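**Q**
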Amino acid sequence: MKKTAIYPGSFDPVTNGHIDIIQRGLCIFDRIIVTILENPGKDSLFTVPERMELLAESLKRIENVEIDSYGGLLVDYVKKRKACAILRGMRAVSDFEYEFQMALMNRRLERSVQTVFLMTGLRWIFTSSSIIKEAARYGGNIESMVPPVVRKRLAEKFGFKTVGEQ
Ligand code: PNS
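Residue numbers for the sequence shown, in the working numbering: 38 to 203.
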């Protein structure tokens, strides 16, 4: 039977670190559904449709990936999509406590749902959507950290020019 994993997150916006986890996840799972869910602890810069569009453009060359969004509990979505696992990326130790708490809560809510953690590539250990947005807000060069379409959209949001523009 084909194995599907849900890769949930805010993806506000998608970064090269997320794409790295998706590619690693595809070595284990037959299909990954990348799902935008609400994180009540975060204010978002991009709307859900904008984030979906950025994910679609950034992942268009990767097979066996689907993009979706959901407004409820993650474990309900996992069951709805008949997935066998939640995929999450782990960067530095600082991620551990939050991820551990979330995985145990999800297990408490639904015993059959497993969470699989993959270590992100070393290049992406110190990057996150939040820190990238902060750098971009003040015109910092975030070129190597996000797909080109994300860089362009961040430049538009924050009103600065990308390389090659007048
Ligand atoms: O990229 P993020 O912000 O770290 O992702 C967190 C996210 C969106 C996966 C998490 O907040 C989530 O699962 N939200 C949906 C509601 C839910 O099921 N929460 C977990 C159990 S309380």
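By construction, the Cβ of each residue, glycine as well, lies at the ideal position given by its N, Cα and C atoms. In this text the structure is predicted, and so the values were computed from the model without any measurement.
Go through the stretch 42 to 102 residue by residue and report every complete run of the alpha helix (DSSP H) that reaches 4 residues or more, in order.
**A** Within the stretch 42 to 102, the complete alpha helix (DSSP H) runs of at least 4 residues are 53 to 62, 85 to 95.
**Q** How long is the line joining the alpha carbons of residue 173 and residue 179, rounded to whole angstroms?
**A** The residue given as residue 173 occupies position 136 in the sequence shown. The residue given as residue 179 occupies position 142 in the sequence shown. Approximately 7 Å between the Cα atoms of the pair.
**Q** Quick one: is residue 142 buried, meaning 16 or more other Cβ sit within 10 Å of its Cβ, or exposed?
**A** Counting from one through the sequence shown, the residue named residue 142 turns up at place 105. Result: exposed.
**Q** Is it true that the CB of residue 94 sits closer than 8 Å to the CB of residue 186?
**A** Mapped onto the sequence shown, residue 186 falls at position 149. Mapped onto the sequence shown, residue 94 falls at position 57. Yes.
**Q** Which of the three DSSP states, helix, strand or coil, is assigned to residue 182?
**A** Within the sequence shown, residue 182 is the residue found at index 145, counting from 1. Correct three-state label for residue 182: coil.
**Q** Contact check, residue 106 vs residue 72 under 8 Å by CB: the rounded distance?
**A** Taking the sequence shown and counting its residues from 1, one reaches residue 106 at position 69. Taking the sequence shown and counting its residues from 1, one reaches residue 72 at position 35. Indeed they touch by this definition, with Cβ atoms about 6 Å apart.
**Q** Are residue 125 and residue 162 closer than 8 Å when you measure CB to CB?
**A** In the sequence shown, residue 125 corresponds to position 88, counting from 1. In the sequence shown, residue 162 corresponds to position 125, counting from 1. Against a cut-off of 8 Å, the Cβ pair of residue 162 and residue 125 comes out as no contact.
**Q** Does the count of Cβ pairs from the stretch 45 to 64 and the stretch 132 to 146 closer than 8 Å reach three?
**A** No, the stretch 45 to 64 is not in contact with the stretch 132 to 146.
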